[in-house]
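Okay, structure first, notes after.
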Amino acid sequence: MSTPLRNFIRFCFIVLIQVLILNKITLRWWSQPAGFPVFIPYIYPLFILLLPFETPVWGLLILGFISGLTIDSFMNSAGMHACATLLIAYLRTNVLNALLPKNLSEYASQSPSVKNMGWVPFLVYSTFLVVLHHSVFFAVELWSINNLAYLLLKILASSVTTVLFIVAYLLLFTRQTALKS
Amino acid sequence: MRNLILFIRRFFNLILFLILEVICIILIGRTNTLQGNDVMSSANSAIGLMYRKQNEVVYYFGLKMMNDSLLAENTKLRQQMAQYLIYDTLKDTAVKRIIVPGDSTTVVKYADYLYRTARVINNSVSSENNYITLNRGAAHGIERNMAVISGTGIVGKVVHVSDNYSSVLSVLSVKQQVSAKLKDGTVGYVSWNGERPDVMVMKDVPQQIKVKKGDSVFTTSYSFFPQDVLVGIVYKTVPIKKNNLQLLHLRTATNFRNVQYVYVVENKMMKERSKLEDSVKKIK
């Protein structure tokens, strides 16, 4: 399977997981134990995180914009998700350069994964960008700093669950793709 | 010129990033006026279809709960009807009047409601502005700005319509306020502060009005909602010292986490009314 096709399928898959499963989590009572703010895990940035190393920044930006707008259409939040996703798409290359020992061009035709980065660098990379994405998204959504503690709690709870879901996704699906390629 | 091209080539990524961010900000700004485009909403036919397919799978798991809520609603409606049926009309001395149009003593209609049922195919309670997608659209007579109520209380307002789907801005939205009244007729505003999906806040109630725990709050005839639909039940009152008003915390009448079917209410006389009200606003 070619890399663009595999990424396209991954995109559809992640959007489906996000929209049909994760967005429904908040409809259950246990999403809000004891007056805790309603949190929602957004794993679709994982699509941007897993694009190949050699993707140029403008490509990342356009793909980030498209994926953000797709989620926006599903959630009626025109532009908010795209706004947050663009930021992480723009910063992705810099974060990878800072974390990886070798230059990015030396990883020809590879994608960021646990296998070639190791668990700790990959988790640092994804946690950093996920927290950034969630901070921008919830700040734009709330659009006021009157209730800063609430905003921070919402960012924290959503980021933690998102990272947990990203780890679960990686554990479930990386081995299979490694076997196929 | 050459310098300009060099500059663009050097900072191409940054410029592209900024342009796309500006597009996003314009899009966000446009939705805040509630006149966003229908294409990028869950009323969009492709997205609506997907939500419908998903709902068809999940639908059966909620049937038991839905049955119970329908039964409860039926009982409520039967009780309301019984109030009209207990009068013995034979002994009544009132004479049947023939209603003459134009006669000032007859009752004048100010609203004419048409109820349409719809199923909720997508729902959310986690955002600041929550939307509900319905499986009815323009082909079934749904239009923008119609009120949406559930069997137990208010739900929201239709904002996007496509042929077969429509999306509803629920009252769990920080940009939508609903005019509401207490039992004694005190009018105020009910809004949502964006935190808990089962709690709403009623503002502008003077402190001299005694409100008890368990009092009901209904919609008024001022808003686009039909009159006397339950908004919620008061469970806490908080007096505000500085302006002699009090804040009422309400439990919402509708359970937004599992609302399954709704009624879309069309007020056939609303167009005339909003035309008149808009013309007054223009003069100001």
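As given, the protein sequences belong to chains A and B, one line each in that order. In short: position in the first sequence from 1, add 14, done, that's our numbering. In short: position in the second sequence from 1, add 6, done, that's our numbering. All C-beta atoms, glycine included, are put in the ideal place defined by N, C-alpha and C.
Check	Outcome
Contact check, G147 of chain B vs E278 of chain B, beta carbons under 9 Å	no
N9 of chain B: first and last residue of the uninterrupted alpha helix (DSSP H) it sits in	8 to 16
Proximity winner among A:S87, A:I39, A:I57, relative to V181 of chain A (alpha-carbon distances)	A:I57
Per-residue DSSP class, three states only, for V265 of chain B	coil
Cross-chain neighbours of E134 of chain B in chain A, by beta carbon under 7 Å	E155, L156
Minimum Cβ-Cβ distance from M46 of chain B to chain A less than 9 Å	yes
Close beta carbons around R263 of chain B, own chain, < 7 Å, minus the five adjacent residues each side	V131, P203
Neighbouring residues, chain B, relative to I54 of chain A (Cβ below 7 Å)	S132
Contact set between S173 of chain B and chain A, taken where Cβ atoms lie within less than 8 Å	N90
With 16 other Cβ atoms within 10 Å as the buried cut-off, status of L175 of chain B	buried
The stretch 13 to 28 of chain B touching the stretch 169 to 176 of chain A, judged by at least three CB pairs closer than 8 Å	no
Within chain B, the residues that A96 of chain A reaches when beta carbons sit closer than 7 Å	C30
Residues near V109 of chain A in its chain [Cβ-Cβ closer than 7 Å; skip 5 each side]	Y139, F142, L143
Sequence-distant residues of its chain with Cβ nearer than 7 Å to S172 of chain B (five each side left out)	A49, L140, R142, G143, I148, V164, H166
Where S169 of chain B sits in the DSSP three-state scheme	Strictly speaking, residue 169 of chain B in this sequence is Asp, with Ser absent from that position. In this structure, D169 of chain B counts as coil in the three-state DSSP scheme.
Residue-level contact to chain B via CB, M138 of chain A, 9 Å cutoff	A quick correction: the sequence has Val, not Met, at residue 138 of chain A. Chain B, which has no Cβ nearer than 9 Å to the Cβ of V138 of chain A, makes this no.
Helix, strand or coil at A124 of chain B [DSSP, three-state]	strand
Straight-line Cα distance separating A153 of chain B from G191 of chain B	22 Å
Helix, strand or coil at M162 of chain B [DSSP, three-state]	A small correction: the amino acid at residue 162 of chain B is Gly; Met does not occupy that position in the sequence shown. Strand.
Beta-bridge pairing of F224 of chain B - partner residues as DSSP gives them	B:K187, B:L236
Whole-Å CB distance - F25 of chain A paired with F61 of chain A, under 8 Å assumed	5 Å
Chain A within 9 Å of F18 of chain B, Cβ atoms only	yes
Residue range of the unbroken beta strand (DSSP E) whose run includes T69 of chain A	It is not in any beta strand (DSSP E) - T69 of chain A carries neither H nor E in the DSSP assignment.
Simplified DSSP state of A98 of chain A, which is helix, strand or coil	helix
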